[in-house]
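Protein chains: 2
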Amino acid sequence: MYAPDCVHATLELLALVMVAFELCMKLRWLGLNTFIRHKRTMVKTCVLFIQFIEAIVVLVRQTSHLRVTRALRPIFLVDCRYCGAVRRNLRQIFQSLPPFIDILVLLLFFMVIFAILGFFLFSSNPADLYFNTLENSIVSLFVLLTTANFPDVMMPSYSRNRWSCVFFIVYLSIELYFIMNLLLAVVFDTFNGVEKMKFKSLLLHKRSAIDHAFQLLVRRQRPDGVTLKQFDDTDIVIPQRPDGVTLKQFDGLMRHYRPRMSARDRFLTYKALNQSVTDMLSLQDFYKFYEVIGLKWKARRSGEHWFDDLPHTAFLIFKGINLLVKSKTFQYAMYIVVAVNGIWILVETTVWNSDVSWSRFVPWSYVVFLTIYGVEVMLKITGLGPLAYFSSGWNLFDFSVTVLAFLGLIALAFNMEPFYFIVVLRPLQLLRLFKIKQRYRNVLDTMFELFPRMASLGLTLIIFYYSFAIVGMEFFADVVYPNCCNTSTVADAYRQINVTIGNRTVLQEGYYYLNNFNNILSSFVTLFELTVVNNWYITMEGVTSQTTHWSRLFFMTFYIVTMVVMTIIVAFILDAFVFRMNYSRKNKQEEALEDPEGEKGIVFEAEVSRAEALQTLEFYKHTPANSSLSSLHQVCVLMERSGHSSVVFLGRRSRTKSDLSMKMYQEEIEEWYAEYSRGNLPHLGESPESDLDCPVITQHSTN
Amino acid sequence: MYAPDCVHATLELLALVMVAFELCMKLRWLGLNTFIRHKRTMVKTCVLFIQFIEAIVVLVRQTSHLRVTRALRPIFLVDCRYCGAVRRNLRQIFQSLPPFIDILVLLLFFMVIFAILGFFLFSSNPADLYFNTLENSIVSLFVLLTTANFPDVMMPSYSRNRWSCVFFIVYLSIELYFIMNLLLAVVFDTFNGVEKMKFKSLLLHKRSAIDHAFQLLVRRQRPDGVTLKQFDDTDIVIPQRPDGVTLKQFDGLMRHYRPRMSARDRFLTYKALNQSVTDMLSLQDFYKFYEVIGLKWKARRSGEHWFDDLPHTAFLIFKGINLLVKSKTFQYAMYIVVAVNGIWILVETTVWNSDVSWSRFVPWSYVVFLTIYGVEVMLKITGLGPLAYFSSGWNLFDFSVTVLAFLGLIALAFNMEPFYFIVVLRPLQLLRLFKIKQRYRNVLDTMFELFPRMASLGLTLIIFYYSFAIVGMEFFADVVYPNCCNTSTVADAYRQINVTIGNRTVLQEGYYYLNNFNNILSSFVTLFELTVVNNWYITMEGVTSQTTHWSRLFFMTFYIVTMVVMTIIVAFILDAFVFRMNYSRKNKQEEALEDPEGEKGIVFEAEVSRAEALQTLEFYKHTPANSSLSSLHQVCVLMERSGHSSVVFLGRRSRTKSDLSMKMYQEEIEEWYAEYSRGNLPHLGESPESDLDCPVITQHSTN
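Chain order of the listed sequences is A and B.
For what it's worth, UniProt numbering labels the leading residue of the first sequence as 1, then goes sequentially.
For what it's worth, UniProt numbering labels the leading residue of the second sequence as 1, then goes sequentially.
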């Protein structure tokens, strides 16, 4: 059924050769010196080397052995272009480690002290198996730290002497409620500091890049017909030269920096940057480069609505719908419908008869509510126009839930049973109720903003899971099964047997044999259970009873590693929310002005007159490599047709963490800039290469 | 055995009459209007009224009934002078409630949605008792929120379909890892804001008090013999008048404000305030009033050591000891001894034979180490002088642990068995090792600083415990006992029976019947177990199976209440530590200069020349009510004897949170003052009466 080991090994060898090839390319590219000094690449090389040897050993011996090194494979995965976020997380985790370890030592120290105390206090009780040896005592207190065995570990001694509870209360108060929170505080603090340093480093890098690019651009211009060559030294800008960047130079830069940008957008970006009266960009203008670079440009609509150009009757109808959809009454009516729907679902579920299969029977209420939602979606799309409608995240959510529900209904009509869970999704509609309150909107918006970062944290966690799953599978595959652990203290959880209690016979089913390391999926589920920590000691003790007591090391290490990652996640969520709340407090007025439905993000304006447009078009026609002029043509055509003498373009992008940070650290940023311009570029971290959100303008981009 | 109910009721009635008497006094003092508007007093009155009626009903019926109102009794306790800190905590909890409740609603909403989903997905499985009704489904997911039933609740469905784990993983990810952290973030944020507002309010109150006092003091002076009467309007200081406060005026203020302060200290405080060249305090000087008011004054020692005045031989010996004790070598030698001791204890415990009773047998190593510690303590006390030695918290700790260990040894010698736990305390010596690293010193110092506040939070928690314990005792006393709950799903935990497994007979002992509400102590332990939340559903289900399923309401309410309090505690610890770490980052230089052994706190200096001292003495002799002049006499005598022409006095106090806040919010404070001086006193919270760390100078104090 399975391919023989030699096939596996050959395939692996092939894959490894590919990785080796990639590494060789890198070596050629970077040169030996950089290659050796780059930590990540060196680790990769070592791991590759070990795996090579192992694969060959397997091939020679024709049999697989205990191969824990497979757990190192994620290193190859992490070292790729798309895992930058994961690498960033890993770096953050490593940066938070030193203070974390300090507090961890304090934690373990108290644990050992209490273990010794507990051993002396409770080992005289033969019924107390938790403290009968020093090792058990330490393990019990380690588990107690996670509260997983809590009242149980206390009960034998408590039943003997009621005051023994003091020991456990003091232990938990110190360890769980104090030091564990301290851990969080320390990580939170480090995290905050690291985030700020990263932001500062990025900001100053950007500024130095802009300074550099500006000087290069200015130097390439030929002031008063004098050729550039004679000034070609590395000094500051020379006064005779024009003190700014012309459109031509800027366009040249942009064509290298963003090759796919259309000529219109390049021109508009230039316009957006150019705040001074002159025709050129000053250095101050140029500093905003990174703020405008990501903007998406769109002409401001002359009218408000998409249906302005329709015939009068149609216009009136759509206008009516538009007004209806935008009215408070309509919104609150919908809220009431959703609330009624919610109550209805609750009542229906309570009185639901389990004999009727849900997947066969559709209650009329479901159809009624779905119709209402459908009509609402139609009205909103027609009233607001599809573009405006789908630009709001909330509407998108409404739309997809409604469509999914319709799909579910269709699936039901065709008796496709596996789709019935779609029908079950309908309570999600209720989530709309949370739009009413500002705080919920904030929370949910932040949730969506955080999502990419959360996903990368989740991915980091999964990589750790993978490594532990491999180790677990190598050591603990197939060690637990029903009735495996009858000699251990957790026998009940693995028992599957007919038991006679009094005079009744019942099947006692302990399901814990399902929490095993038999395959990668089961391992992941088991590791998730270990992450949640409740009852994790049952899994640990079950495995331990079938192997050696060194297995506990695996479980304890896993707990500590997940504790680190989880603490980072908590710190991250805390930081993000506290940051956002501070931010919205700082900009309360601005927030109040904002459209409550959809966040506006960052908006820049650029007005283009007809003469300007034609002039620019002319200019572009003379420059070589004139790519995508069609967009600029369109602008002219648009102006011709509408008869307006100028068009206002709006450039939008969503607000990023960096924008928020700019506002938050305003004062400090001034200080940093001052520091920077005094020439002492402060510590900018190690290679910022993978930390940058956008590529830095480098010298060759202007050539 | 118990006194009849009527005796209880009579006693209670007596106590209530006393409370009523106190309330009447308060009514007379405050006047009806203030009395009615004061919320806390009104609540107290209502509670008193209800309890009166109840006590009378009990007296009339001669039998006690279900008396849940007893749970309200802590209100009487909280409303006393010594519970200010608890009241402050309660206020902070109530202030954090609105955002907390918002997020809680989100949490419960998702819970209900998932409960409905879970019900539809899993109720078809007859083996799955967790989701067989909607109510069970909700309860299961509520318990799952606390992770207390984790892998178990998943197991029945997981054994049927492996993909059902997705439901639980998604639920836990959203609820436990996201929304619960959000809850913490929201509380943390509110907490931060409240702390800052409180500080601001206190600061501005103090400033306004100082302004007021200064004006009053200045107005009472008679400039150029002109009597005060003719200027007696409420306007600003009039220019002809001397623009400051003289010692005489200041002394008058102090005699009312701090009646027990000695004349010397009053004079020194004046000197410390007086930074200007003139003889009078300017308003700027006067603003420091609250900073210098708590100082403890002491003459700076002419020599460094306590043994300077001893004969030469003794001096040399003590000087040698002093140098030895202060040397790094000695310190590190002691660290090594402690570390060796730690390892020794571990090894000894591992090889310990449990047949030898610890309380009878003293290992020689114990005596050896104790001797070393004893010698160290002696050397340090003689070398540094008792005063310097005991002024450091760490030394105090060393001393008490060592003395306790000696006491334990003596107790052992006299065969006093109950003292054996003192012997067990010896691993505490190992805590000294943490002095080596700066971070640990910081952590432990902060721990000590936080202690009073933590204690008051603990007290608040205990008050909640008390209320719940009373309710629990009223409803659930004596409902659980061994083998009580054989019909419930948690029967095992209460079982105490011989069970036949295969062909072996074992005593299955479930200890959970010990977690009951039979008396107040058991209730407290049970409630602590519920706070830790692991396996709390066993207690809940046990009680529920013996009463009605409405009992769950009690347990769930308790969980939510402790969640609030616990979140506040976590937020408090987070806040305190992050604050302190920020602070020490801001003052890194200053910290580096500080003595690593003992924190210096705030120090003020005041130099007193002999002429000045005599002059002041003369001045005091002429003022009426010259209390405690002896201290001033002593100063003069001291100067006579030593022959110095002046003595420098040092005023010290430990650093408070308020001092730290002053440093942290420096810039904002300037803004606040500016705002304040522009006349618009910002929102200062409600009655700050109980929030103030020190009494405000009120107008009558200068009369």
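Here a beta-carbon is modelled for each residue, glycine too, at the ideal position from N, C-alpha and C.
Around the C-beta of residue i, are 16 or more other C-beta atoms found within 10 angstroms, so that it is buried, or is it exposed?
i, result
"M155(A)", "buried"
"M180(B)", "buried"
"S137(A)", "buried"
"C80(A)", "exposed"
"M111(A)", "buried"
"G342(A)", "buried"
"W163(B)", "exposed"
"L396(A)", "exposed"
"N498(B)", "exposed"
"P327(A)", "As written in the sequence, residue 327(A) is Ser, which differs from the Pro given in the question. Exposed is the call here."
"P126(A)", "exposed"
"K229(A)", "At K229(A) the pLDDT is 43, less than 50, meaning the model places this residue with poor confidence; the figure from the coordinates comes in the next sentence. K229(A) is exposed by the Cβ-count criterion."
"L387(A)", "exposed"
"E151(B)", "According to the sequence shown, residue 151(B) is Pro rather than Glu. With 16 or more other Cβ atoms within 10 Å, it is buried."
Which residues in chain B sit within 8 angstroms of residue i, going by Cβ to Cβ distance?
i, result
"M160(A)", "Residue identity check: residue 160(A) is Arg in the sequence provided, not Met. Those do not exist, as R160(A) stays about 11 angstroms from chain B at its closest Cβ, beyond 8 angstroms."
"N535(A)", "F150, P151, D152"
Kindly indicate if chain B contains any beta-carbon less than 8 angstroms away from that of residue i.
i, result
"D478(A)", "no"
"D189(A)", "yes"
"T402(A)", "no"
"F142(A)", "no"
"F131(A)", "no"
"A469(A)", "no"
"F434(A)", "yes"
"V292(A)", "no"
"L11(A)", "no"
"M334(A)", "no"
"M155(A)", "yes"
"N518(A)", "no"
Is there a Cβ from chain C that is less than 8 angstroms from the Cβ of residue i?
i, result
"C165(B)", "Going by chain labels, chain C is absent from the structure shown, which instead holds the protein chains A and B."
Mind checking if residue i is an interface residue toward chain A, Cβ cutoff 8 angstroms exclusive?
i, result
"S443(B)", "Reading off the sequence shown, one finds Val at residue 443(B), where the question assumed Ser. At least one chain A Cβ lies under 8 angstroms of V443(B)."
"M18(B)", "no"
"R439(B)", "yes"
"P482(B)", "no"
"E529(B)", "yes"
"C6(B)", "no"
Using the beta-carbon of each residue, which ones in chain A are nearer than 9 angstroms to residue i?
i, result
"D102(B)", "K437, R439, Y440, V443"
In chain A, what lies closer than 7 angstroms to residue i by C-beta?
i, result
"T349(B)", "I116, F119, L134"
"P185(B)", "In the sequence as presented, Pro is not what sits at residue 185(B); that position holds Ala. Those within 7 angstroms of A185(B) in chain A are I573, L574, F577, V578."
Which residues of chain A have a Cβ atom closer than 8 angstroms to the Cβ of residue i, listed in chain order?
i, result
"N515(B)", "P151"
"L617(B)", "Under the 8 angstroms cutoff, chain A gives no residues; its nearest Cβ is about 52 angstroms from L617(B)."
Residues of chain B with a CB under 7 angstroms from the CB of residue i: which are they?
i, result
"residue 708(A)", "This structure gives no information on residue 708(A), because the portion of chain A shown stretches from 1 to 703."
"M581(A)", "D189"
Next on the checklist: Between the stretch 173 to 193 of chain A and the stretch 254 to 270 of chain A, can you find at least three pairs of beta-carbon atoms closer than 8 angstroms?
Outcome noted: no
Next on the checklist: Would the stretch 31 to 46 of chain B count as touching the stretch 5 to 12 of chain B if we require 3 or more Cβ pairs under 8 angstroms?
Outcome noted: no
Item to check | Contact between the stretch 342 to 352 of chain B and the stretch 377 to 391 of chain B (3+ Cβ pairs under 8 angstroms) | outcome: Three or more beta-carbon pairs separated by less than 8 angstroms are not found between the stretch 342 to 352 of chain B and the stretch 377 to 391 of chain B, which leaves the two stretches without contact.
Item to check | the stretch 29 to 38 of chain A touching the stretch 433 to 449 of chain A, judged by at least three CB pairs closer than 8 angstroms | outcome: no
Checklist entry - Should the stretch 401 to 411 of chain A be called in touch with the stretch 440 to 457 of chain A, which here means at least 3 C-beta pairs below 8 angstroms? => result no
Checklist entry - What beta strand (DSSP E) runs, 3 residues minimum, are completely inside the stretch 608 to 682 of chain B? => result 646 to 653
Next on the checklist: Taking contact to mean 3 or more Cβ pairs, one atom from each stretch, closer than 8 angstroms, check whether the stretch 541 to 553 of chain A and the stretch 477 to 491 of chain A are in contact.
Outcome noted: yes
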